[in-house]
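Chains as they are written, first to last, in our numbering: chain A, 245 to 539; chain B, 13 to 293. Cβ coordinates follow ideal geometry from the N, Cα and C atoms, glycine included. Just so we're clear, the structure is a prediction, and the values are computed from it rather than from any experiment.
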Amino acid sequence: MSDIVARWVVLVFAATVLLITVLLVYQLWTGSAAARHRMGWSFLFSSQWDPVAMRFGAAPFMYGTVVTSLLALLISVPLGLGAAIFLSELAPAGVSSALTFLVELLAAIPSVIFGLMAIFTYGEPFLKKTLGFLPFFQGPAYGLGFLTAGMILAIMTFPFIISVSREALLAVPRDQREAALALGATKWEMTWQVVVPYARLGILGSIFLALARALGETMAVTMVIGNDPSIHASLFAPGYSIAAVIANEFTEATGDVYPAALVELGLVLFCLTIIINALARLMIIATTSKGSKRP
Amino acid sequence: MLLLWRKSVNHVMLSLTAVCTFLTISTLFVILGYLLFNGGKSLDFNFFTKLPLPPGENGGGMANAIVGSLEILAMAGMFGIPVGFLAGVYLSEFEDKSFAPLVRYTADLLNGVPSIIIGILAWTLVVVPMRRFSALAGAIALSVMLIPIVTRQTEQFLREVPMALREGALALGASKWKMVATVVVPAGSKGVLTGMILGMARIAGETAPLLFTALSNQFWASNITQPTATLPYMIYSHAIAPYEDWHRQAWAAGLVLIATVLIANILARLVLARGISVPRT
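Listed below in structure tokens is the structure:
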């Protein structure tokens, strides 16, 4: 009897997790109704954001979100994967776990701290001096814009790529490595041509996880992206991201349509991150469940 | 010749991976050093005891934000930890084939939802009906973030409790819930506690969900239905403000916040969780 009660109690609490998620989707859907009815699908493609004239378009924010996230991955994937290879293949077990601990600490740093760092540090003027001839680096460098946001996001995504890729690499069976070495491969050839391809799904999963994190990151980006709702080719230009515009404008949005438009932006961001996260989890489950960990 | 080439590629690439490791991990120390330097020279006794001053006046502190943060964290923990813990017990001990994978997957998805969107949820659920920003709304937003973390950590740590302990309890005639309450949970308690501390440390630094739920306050909030200042919000608002003395305060607040979060992490992972592997949050 008491077993049945206990079972139901924990079941109810487990169902709460489900309920919260359903409630979240429901609120985003109904909260954005006014904006969806007014703008329809053009919301996604219009690049006008004019609350006074009640015209709302998501394009500049989607552009900013995607550009900063891709920039972040461009920096963090090679560095993170390199570090993961070092930690799983080269470093002695003790060193590897000590360094992984530091990586987890990096993951624990709140995003507002990254914003605080980025807002008072200027990396852009240096790039302007050295690579100013490229089209991406045209225009004045204020220290606020896509590039600063991308660089800070890169640092924030390191821990995801390093710790998840490291686990995927460690899950590669030992006989794969031994077979490669027995065929005369060098350590690097073994790593790059056998171990990394074997773990590719898990590595891809870690990249997707980092991407989802970068797309949804709010505080650090809001503080440094420059808050300009227009599309620029130059990476120095100030821009805007979905999360940043919600953070900045939500408390001052008045009327029906303006807050609804911001909620609809939230809905777009939610769908993006959910899809990418779901793909990432599936890939990670697919790799780490097979193979045996290196002792 | 070819062999020499392959050997040099080997050495170059392997050293490059070491360089990558150095570059990525050194960011942690750069950040800590920077905060220690800037925050250390800004932090004084007033920071912990005084209220913020209006722009233009030098001095003051963030006493109200420190208390506000603690208050909101305590409430978020009160709401989030029991729900997360019991949901975790369900996943580990009472799971059934059809519903448990759904809950597990949903918890992971909820964990990946951007924190700003959790803020929208709490805004529509609490701020709109109450018609005011409040500490309560902030606490509910943070507890929504806390629940999936605690759920998954509890599940993973309880799963590490050996099967033999469970069988032993059942063989002695304990009912299932008695086995869970008196054998499994105590055996996994260290790990479960670690998971809770890591979850609290994670939400302690969250700012985005507080922007339009708890908002902020220049003064003491008289009760939990008032807008309330928190440390992360203060860092944000002071850092983007154009006043020199506010920047100094922001660094001081940053140092206090990061010290708290990192010490909680280190204690939980190294001291409490000694000998057990800590799953990722």
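Worksheet entry | Helix, strand or coil at Asp603(A) [DSSP, three-state] | Within the shown structure, residues of chain A are numbered from 245 to 539, placing residue 603(A) beyond reach of any answer.
Worksheet item: Does any CB atom of chain A fall closer than 7 Å to the CB of Asp257(B)?
Response: If you number the second sequence from 1, residue 257(B) lands on position 245. With 7 Å as the cut-off, Asp257(B) does not count as an interface residue toward chain A.
Worksheet item: Cα-Cα, which of Ala258(A), Gly324(A), Ser341(A) and Thr309(A) is closest to Asp108(B)?
Response: Start at 1 with the first residue of the second sequence, and residue 108(B) comes out as number 96. The option with the nearest alpha carbon to Asp108(B) is Ala258(A).
Worksheet item: Taking Cβ positions only, does Arg18(B) come closer than 7 Å to chain A?
Response: The residue labelled residue 18(B) in the question sits at position 6 within the second sequence. It does; some Cβ of chain A falls within 7 Å.
Discussion item. Judging by CA-CA distance, which residue of Gly73(B), Val273(B) and Met157(B) is the nearest neighbour of Gly124(B)?
Written reply: Along the second sequence, one-based indexing puts residue 124(B) at 112. Looking at the Cα atoms, Met157(B) is the closest of the given residues.
Worksheet entry | Contacts around Leu133(B), its chain only, beta-carbon distance under 8 Å, and the 5 residues preceding and following it disregarded | For the purposes of this step, residue 133(B) is identified with residue 121 of the second sequence, where counting begins at 1. Excluding positions up to five away in sequence, the list reads Ala153 and Val156.
Worksheet item: Expressed to the nearest angstrom, what Euclidean distance is found between the alpha-carbon atoms of Gly482(A) and Leu269(B)?
Response: Reading the first sequence from its first residue, position 238 is the one you call residue 482(A). Reading the second sequence from its first residue, position 257 is the one you call residue 269(B). The sequence given here places Pro at residue 482(A); Gly does not occur at that position. Whole-angstrom Cα-Cα distance: 29 Å.
Worksheet item: Looking at C-beta atoms only, is the number of pairs between the region 173-183 of chain B and the region 247-260 of chain B that lie closer than 8 Å three or more?
Response: no
Discussion item. Quick check on Phe41(B): does DSSP put it in helix, strand or coil?
Written reply: Numbered from 1 along the second sequence, position 29 holds the residue referred to as residue 41(B). Of the three classes helix, strand and coil, the one that applies to Phe41(B) here is helix, per DSSP.
Fill in: Same chain, Cβ closer than 8 Å to Asn70(B), five either side skipped, listed in chain order
As a first step, residue 70(B) must be located in the second sequence, where it is residue number 58. Excluding residues within five positions, the ones whose Cβ falls inside 8 Å are Asp257.
Item to complete: Report back the beta-carbon spacing between Leu47(B) and Leu267(B) to the nearest angstrom; my notes put them in contact at under 8 Å.
Response: Position 35 of the second sequence, counted from the first residue, corresponds to residue 47(B). Position 255 of the second sequence, counted from the first residue, corresponds to residue 267(B). At roughly 5 Å, the Cβ-Cβ gap stays under 8 Å, so Leu47(B) and Leu267(B) are in contact.
Worksheet item: So, helix, strand or coil for Phe300(A), using DSSP?
Response: Position 56 of the first sequence, counting from 1, holds the residue named residue 300(A). Note: Phe300(A) maps to strand in three-state DSSP.
Discussion item. So, at 8 Å on beta carbons, what are the nonlocal neighbours of Glu433(A) in its own chain, with the 5 sequence-adjacent residues on each side left out?
Written reply: Residue 433(A) sits at position 189 when you count from the first residue of the first sequence. Hits under 8 Å: Ala424.
Worksheet item: Taking buried to mean at least 16 other C-beta atoms within 10 Å of its own C-beta, is Phe452(A) buried or exposed?
Response: Counting from 1 along the first sequence, the entry for residue 452(A) is found at position 208. The residue is buried, with at least 16 neighbouring Cβ atoms inside 10 Å.
Worksheet item: Can you give the beta carbon distance from Ile312(A) to Ile469(A), rounded, assuming they're within the 8 Å contact cut?
Response: Numbered from its first residue, the first sequence carries residue 312(A) at position 68. Numbered from its first residue, the first sequence carries residue 469(A) at position 225. Just to set this straight, residue 312(A) is Thr in the shown sequence, not Ile. 7 Å between Cβ atoms; contact.
Fill in: Neighbour-count burial assignment, Trp189(B), 16 or more Cβ in a 10 Å radius
Here the question's residue 189(B) lines up with position 177 in the second sequence. It counts as buried.
Worksheet entry | Sequence-distant residues of the same chain with beta carbon closer than 7 Å to Pro539(A), five excluded per side | Within the first sequence, numbered from 1, the residue matching residue 539(A) stands at position 295. Low per-residue confidence applies at Pro539(A): pLDDT is 34, beneath 50, and the placement is therefore not dependable enough to give any value.
Worksheet entry | Closest by C-alpha distance to Phe402(A), when choosing among Ala351(A), Pro441(A), Phe287(A) and Ala412(A) | In the first sequence, counting from the first residue as 1, residue 402(A) sits at position 158. Comparing Cα-Cα distances from Phe402(A) to each of Ala351(A), Pro441(A), Phe287(A) and Ala412(A), the minimum goes to Ala351(A).
Discussion item. With a threshold of 7 Å between beta carbons, is Arg421(A) in contact with chain B?
Written reply: As a working note, residue 421(A) is residue 177 in the first sequence. False, the Cβ-Cβ gap to chain B never drops below 7 Å.
Discussion item. In whole angstroms, give me the CA-to-CA distance for Leu511(A) and Trp135(B).
Written reply: Numbered from its first residue, the first sequence carries residue 511(A) at position 267. Numbered from its first residue, the second sequence carries residue 135(B) at position 123. The alpha-carbon atoms of Leu511(A) and Trp135(B) are separated by roughly 15 Å.
Worksheet entry | Entirely enclosed alpha helix (DSSP H) segments - the region 40-107 of chain B, minimum 4 residues | 57-61 and 75-105
Fill in: Cβ distance (whole Å) where Thr219(B) is taken to contact Met463(A) below 8 Å
Position 207 of the second sequence holds residue 219(B). Position 219 of the first sequence holds residue 463(A). Indeed they touch by this definition, with Cβ atoms about 5 Å apart.
Discussion item. At the level of alpha carbons, what is the spacing between Phe224(B) and Phe494(A)?
Written reply: Locating residue 224(B) in the second sequence gives position 212, counting from the first residue. Locating residue 494(A) in the first sequence gives position 250, counting from the first residue. Distance between the alpha carbons of Phe224(B) and Phe494(A): 7 Å.
Discussion item. Rounded to whole angstroms, what is the Cα-Cα separation between Leu427(A) and Phe41(B)?
Written reply: Here residue 427(A) corresponds to residue number 183 of the first sequence, with the count starting at 1. Here residue 41(B) corresponds to residue number 29 of the second sequence, with the count starting at 1. Computed Cα separation, rounded: 41 Å.
Item to complete: Measure from the alpha carbon of Gly449(A) to the alpha carbon of each residue in Leu413(A), Pro473(A) and Arg421(A), then state which is nearest.
Response: Numbered from its first residue, the first sequence carries residue 449(A) at position 205. Of Leu413(A), Pro473(A) and Arg421(A), the residue nearest in Cα terms is Leu413(A).
Discussion item. Can you pull out the residues from the region 169-193 of chain B whose beta carbon lies closer than 9 Å to at least one beta carbon of chain A?
Written reply: Ser187, Lys188, Trp189, Lys190, Val192 and Ala193
Discussion item. Give me the subset of the region 330-358 of chain A whose CB atoms are less than 9 Å from a CB atom of chain B, sorted by chain position.
Written reply: Phe330, Leu331, Glu333, Leu334, Ala335, Leu343, Phe345, Leu346, Val347, Glu348, Leu349, Leu350, Ala351, Ala352, Ile353, Pro354, Ser355, Val356, Ile357 and Phe358
Fill in: Asn235(B): first and last residue of the uninterrupted alpha helix (DSSP H) it sits in
Along the second sequence, read from residue 1 onward, the residue named residue 235(B) stands at position 223. Element bounds for Asn235(B): n/a, residue is neither H nor E.
Worksheet item: What in chain A is Cβ-close to Ser127(B), meaning under 7 Å?
Response: Taking the second sequence and counting its residues from 1, one reaches residue 127(B) at position 115. Near Ser127(B) (Cβ distances below 7 Å), the residues of chain A are Thr462.
Fill in: Sequence-distant residues of its chain with Cβ nearer than 6 Å to Leu315(A) (five each side left out)
In the first sequence, residue 315(A) corresponds to position 71, counting from 1. So the qualifying residues of the chain are Gly394.
Worksheet item: Comparing the C-beta of Leu268(A) with each C-beta of chain B, is any distance below 7 Å?
Response: Stepping through the first sequence from its first residue, residue 268(A) is reached at position 24. Yes, Leu268(A) counts as interfacial toward chain B.
Worksheet item: What three-state label does DSSP hand Glu461(A) in the structure shown?
Response: Translated into the one-based positions of the first sequence, residue 461(A) becomes position 217. Here Glu461(A) sits in coil by DSSP.
Discussion item. Using the three-state DSSP reduction, which class does His23(B) fall into: helix, strand or coil?
Written reply: Against the second sequence, residue 23(B) aligns to sequence position 11. Of the three classes helix, strand and coil, the one that applies to His23(B) here is helix, per DSSP.
Discussion item. Considering only heavy atoms of the ligand HEM, does any lie closer than 6 Å to the CB of Tyr502(A)?
Written reply: In the structure shown, the ligand HEM is absent, as is every other ligand, since no ligand is present at all.
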